[in-house]
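**Q** Here it is: the structure, laid out below.
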Amino acid sequence: MSFERFSTSDVYIFEHVGGFIECCGCWFVDWDTEQFPQFKTPRKALEHLYRHTSAGHDIGNADVRIIKEYPDLDIEIQPYERSPEEEERIMAKLRAAFEQHPPQQFRDRSNGE
């Protein structure tokens, strides 16, 4: 889930399925040599956002959204994991949708036909 995007602010910050909040495209890192900042707690993400504010960057409503999403700002964000039952339900749905691959009526016309 994105708390704020570049289209409405100077930051793109979101909760990653890996269990952290990431400031993607962060202005404070060298994109070629450094990883974008990742925060295990909402409080750490807010501290980082306020650093952006101090630098004159527009953080939009990212801080408000984080505070609303996490009543406990010190909770450690957990990775998203599916249960085996959920995984099987999703795979069954995919198998049913793509029983025949490629579909019988499919013709690859990328060669200019």
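Under numbering that gives the first Met the number 0, think of the first position of the sequence shown as 0, with each following residue one higher.
Just so you know, even glycine gets a beta-carbon here, dropped at the ideal spot from N, CA and C.
Looking only at its chain, what residues have a beta carbon closer than 6 Å to the beta carbon of residue 42, apart from the 5 residues adjacent to it on each side?
**A** If we look at residue 42 and ignore the five residues flanking it on each side, its Cβ neighbours are 72, 73.
**Q** So residue 89 is in the alpha helix (DSSP H); what residue range does that whole segment cover?
**A** Unbroken alpha helix (DSSP H) run through residue 89: 83-96.
**Q** What number of angstroms, rounded off, separates the C-alpha of residue 44 from the C-alpha of residue 5?
**A** The alpha-carbon atoms of residue 44 and residue 5 are separated by roughly 17 Å.
**Q** Is residue 74 helix, strand or coil when you go by DSSP?
**A** Correct three-state label for residue 74: coil.
**Q** Among 58, 80, 82, whose alpha-carbon lies nearest the alpha-carbon of residue 3?
**A** Of the listed residues, the one whose Cα sits closest to residue 3 is 58.
**Q** Grab the span of the alpha helix (DSSP H) containing residue 65 for me, first residue to last.
**A** Segment 61-68, the alpha helix (DSSP H) holding residue 65.
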